[in-house]
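Residue numbers for the sequence shown follow this note's numbering, so the first one is 33 and each next one is one higher.
Each residue gets a CB set at the ideal place from its N, CA and C atoms; glycine is no exception.
As the structure is a computational prediction, the values presented were derived from the model and not from experiment.
Below: the structure, in structure tokens.
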Amino acid sequence: MIQIKSSREIELMRQAGQILEATRQEVSKHIKPGITTYQLDQLAENFIRNLGGTPSFKGYNGFPGSLCTSVNEVVVHGIPSKKKVLKAGDIITLDFGVNFKGYHADSATTYPVGEIRDDIKQLLKVTEEALYKGLALAKPGQHVSDISHAIETYVKPYGYGIVEEFTGHGIGHELHEDPYVPNFGKAGLGAVLKPGMTLCVEPMVNLGTKHVKVLRDNWTTITTDRKPSAHFEHMIVITETGYEILTAATKE
Ligand code: MG
Ligand code: MG
33 MIQIKSSREI
43 ELMRQAGQIL
53 EATRQEVSKH
63 IKPGITTYQL
73 DQLAENFIRN
83 LGGTPSFKGY
93 NGFPGSLCTS
103 VNEVVVHGIP
113 SKKKVLKAGD
123 IITLDFGVNF
133 KGYHADSATT
143 YPVGEIRDDI
153 KQLLKVTEEA
163 LYKGLALAKP
173 GQHVSDISHA
183 IETYVKPYGY
193 GIVEEFTGHG
203 IGHELHEDPY
213 VPNFGKAGLG
223 AVLKPGMTLC
233 VEPMVNLGTK
243 HVKVLRDNWT
253 TITTDRKPSA
263 HFEHMIVITE
273 TGYEILTAAT
283 KE
């Protein structure tokens, strides 16, 4: 069942989103060759806690980090590690959540480390644009799968692989709520969007194949052809006329 959030709940999620965004901005300054994903995780956890939040992912189904740090061919759920040192030419996705007073925010961004190849630059650009193409359909009266279809339609001409095993989702008191928001599919299916629904939209797009596999640590998910993967996510609330991003910096 898809919950409609009260204005109080939406305000708590907005505050969670502001803590998340401030953390994202701080941690992203440290993405440079030579830093470990463990160091990024420590920075994020301390920053979140100092702002009065808790990291949603830490301990979630046993996940050990506050951040998912997914480098290059890692699609999602990369575990922060003292052994994983970033180098120029890598890309890294920071995907993480913040719990503030019982309500979650969740977002993801893929960053270049130093200079990256032009084809990978384009992958990042198209994946981020695909998120906004999907969000353009996020308004009352549209179906959930209209978002999915818009993302797929935008990405397809580039020949990239759209990951099917992981999807966007509802969010609120729980990190993952109904509905699923896939990144592909026919339009006009699924629930009709209503004001007060809170969703995470998050295209995961691979340079090569769409196929992924989970490594033996039971978390790290990689592309089967080991080509890089990008991931952009925002948490939104459906408003009377469209949507508001709850995980972006507030406009001055
Ligand atoms: Mg998510
Ligand atoms: Mg996320």
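Could you check what DSSP says for residue i in three-state terms: helix, strand or coil?
i, result
"residue 147", "coil"
"residue 75", "helix"
"residue 284", "Since pLDDT at residue 284 reaches only 49, below the 50 mark, its modelled position is unreliable, and the value read off the structure follows with that caveat. Coil at residue 284, not helix or strand."
"residue 39", "helix"
"residue 252", "coil"
"residue 103", "strand"
"residue 221", "coil"
"residue 68", "strand"
"residue 158", "helix"
"residue 120", "coil"
"residue 61", "coil"
"residue 53", "helix"
"residue 34", "coil"
"residue 44", "helix"
"residue 163", "helix"
"residue 131", "strand"
"residue 215", "coil"
"residue 277", "strand"
"residue 245", "strand"
"residue 111", "coil"
"residue 91", "coil"
"residue 152", "helix"
"residue 203", "coil"
Between the alpha carbons of residue i and residue j, how many angstroms are there, rounded?
i, j, result
"residue 76", "residue 135", "18 Å"
"residue 127", "residue 147", "21 Å"
"residue 227", "residue 197", "28 Å"
"residue 51", "residue 110", "22 Å"
"residue 218", "residue 171", "17 Å"
"residue 216", "residue 78", "36 Å"
"residue 248", "residue 129", "24 Å"
"residue 276", "residue 101", "26 Å"
"residue 279", "residue 36", "19 Å"
"residue 113", "residue 72", "9 Å"
"residue 39", "residue 150", "44 Å"
"residue 242", "residue 214", "14 Å"
"residue 67", "residue 230", "34 Å"
"residue 184", "residue 162", "8 Å"
"residue 97", "residue 80", "13 Å"
"residue 155", "residue 205", "33 Å"
"residue 65", "residue 254", "22 Å"
"residue 298", "residue 257", "Residue 298 lies beyond the range of the chain shown here (33 to 284); nothing can be said about it."
"residue 82", "residue 252", "28 Å"
"residue 245", "residue 232", "23 Å"
"residue 178", "residue 221", "7 Å"
"residue 152", "residue 211", "31 Å"
"residue 207", "residue 61", "26 Å"
"residue 70", "residue 123", "16 Å"
"residue 43", "residue 268", "12 Å"
"residue 108", "residue 141", "11 Å"
"residue 344", "residue 225", "Residue coverage of the chain in this structure runs from 33 to 284, which leaves residue 344 outside it and unanswerable."
"residue 284", "residue 93", "Its pLDDT being 49, under 50, residue 284 is placed unreliably by the model, and nothing is read from it."
"residue 270", "residue 139", "16 Å"
"residue 55", "residue 95", "19 Å"
Counting only runs of 4+ residues fully inside the region 168 to 193, write out the alpha helix (DSSP H) ranges in chain order. 176 to 187
If you measure from each CB to the nearest heavy atom of ligand 1 and keep those under 6 Å, what residues do you get, in chain order? 138, 201, 232, 234, 265
Three or more beta-carbon pairs under 8 Å between the region 228 to 243 and the region 183 to 196, yes or no? yes
Taking contact to mean 3 or more Cβ pairs, one atom from each stretch, closer than 8 Å, check whether the region 164 to 176 and the region 78 to 87 are in contact. no
Segment contact flag, the region 143 to 158 with the region 115 to 125, C-beta cutoff 8 Å, min 3 pairs: yes
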